[in-house]
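Quick notes on the structure that follows.
Encoded structure:
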């Protein structure tokens with residue numbers, strides 16, 4: 005394969021799964037960098053986030069998923085989430101909750117969602133996307149995300165979306181109800197629960213996180 009036909013893929017250095025070696029074996033030119041957003045960059049417009057099934061569930065429960073999706077869409081035209089592996093025998097989330105999260109990824113954040121059975125299948129997908137982007141669409145690779153200036157309201161919503169179980173709609177509801185981030189994060193669980201679609205359980209989980217001491221050894 006001529007050199008110009010080898011796609012260039014940037015892989016986050018924290019990606020320890022072995023996918024770098026798999027991509028190299030497929031003919032990709034792999035560059036390892038510390039990425040602020042996502043796990044793979046396949047063109048200047050495309051960012052890919054890889055999650056195992058367990059990590060996907062964990063990121064829903066702690067709210068990390070929605071914050072990541074928001075950052076991806078703010079910086080890249082095409083944001084892709086790959087959920088890898090078979091469904092766990094015992095899921096921590098109900099089927100309805102999982103389907104809701106899948107729907108939110110696509111409908112609320114406008115991200116593409118793929119499911120793969122194995123690491124090898126994920127590597128094949130990333131390689132195929134990079135070839136399409138760089139060789140078919142002739143879209144070059146940009147290593148660093150181009151930060152877009154956010155309005156204060158967008159920045160406020162992004163902060164609220166980092167809370168457990170808070171997506172774009174609920175983040176807006178919280179800000180409309182409390183007016184400021186400070187009012188929201190200092191409100192008792194009983195008042196948080198009054199916000200539409202919040203509920204007592206989610207309100208208590210947010211208060212628990214906000215009042216839990218930081219442990220460096222767990223980070």
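Numbering (the working numbering), first residue to last: 5 to 223. Backbone N, C-alpha and C fix where the C-beta goes; we use that ideal spot for every residue, glycine too.
Apply the 10 Å Cβ neighbour rule to residue 156 and answer buried if 16 or more other Cβ atoms are within range, or exposed otherwise. exposed
Taking only the alpha-carbon atoms, compute the straight-line gap between residue 36 and residue 48 and give it to the nearest angstrom. 16 Å
Rounded to a whole number of angstroms, what is the C-alpha to C-alpha distance between residue 62 and residue 166? Rounded to the nearest angstrom, the gap between the Cα atoms of residue 62 and residue 166 is 13 Å.
Please determine, among 87, 140, 75 and 210, the residue with the shortest C-alpha to C-alpha distance to residue 189. 210
With C-beta atoms as the reference, is residue 84 less than 9 Å away from residue 116? yes
Residue range of the alpha helix (DSSP H) that includes residue 131: 123 to 135
Closest Cα partner of residue 169 within the set 101, 94 and 123: 101
How many angstroms separate the CA atom of residue 22 from the CA atom of residue 222? 24 Å
Compare the beta carbon distance of residue 56 and residue 104 with 9 Å and say whether it is the shorter of the two. no
Residue 76 versus residue 98 - alpha carbon distance: 26 Å
Taking the alpha helix (DSSP H) that residue 175 belongs to, which residues open and close that run? Per DSSP, residue 175 belongs to the alpha helix (DSSP H) from 172 to 182.
Euclidean distance between Cα positions of residue 148 and residue 68: With a pLDDT of only 45 at residue 148, under 50, the local geometry of the prediction cannot be trusted, and the value read off the model is given with reservation. Looking at the two C-alpha atoms, the distance is approximately 21 Å.
In angstroms, rounded to a whole number, what distance separates the CA positions of residue 80 and residue 9? C-alpha of residue 80 to C-alpha of residue 9: approximately 24 Å in a straight line.
Reduced DSSP category for residue 210 - H, G, I as helix; E, B as strand; rest coil: helix
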